[in-house]
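Before any comments, here is the structure.
In our numbering, the protein residues as written are 18 to 99.
Pasting the structure below:
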């Protein structure tokens, strides 16, 4: 038999959870919460993988010194002729 606990959330958050439960077609708030947690875990894992890719690409980056955001095209296309 599963063990249960009670959590305290604000009325506003409960209303949001009820709305999501309806949108997701869940029969109970507990089912909705389980699905939301699963989705959140998946998204966080995906974000961590994306962050690892960004950090890996930064290893190949070089410092170009202080830059001016208005000259971004000049920095990107430096040396290329139009």
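Glycine residues also receive a C-beta, built at the ideal position from the N, C-alpha and C atoms.
* Give every residue of the same chain whose Cβ lies closer than 6 Å to the Cβ of residue 46, excluding the five residues on either side of it in the sequence, and list them in chain order. => 34, 38, listed in sequence order.
* Compare the beta carbon distance of residue 100 and residue 84 with 8 Å and say whether it is the shorter of the two. => Nothing can be reported for residue 100, as the shown portion of the chain is limited to 18 through 99.
* To do: Within 10 angstroms of the Cβ of residue 86, are there 16 or more other Cβ atoms? Answer buried if so, exposed if not.
  => With fewer than 16 Cβ atoms within 10 Å of its Cβ, residue 86 is classed as exposed.
* Asked: Between which two residues does the alpha helix (DSSP H) carrying residue 90 extend?
  -> In this chain, the alpha helix (DSSP H) harbouring residue 90 covers 89 to 93.
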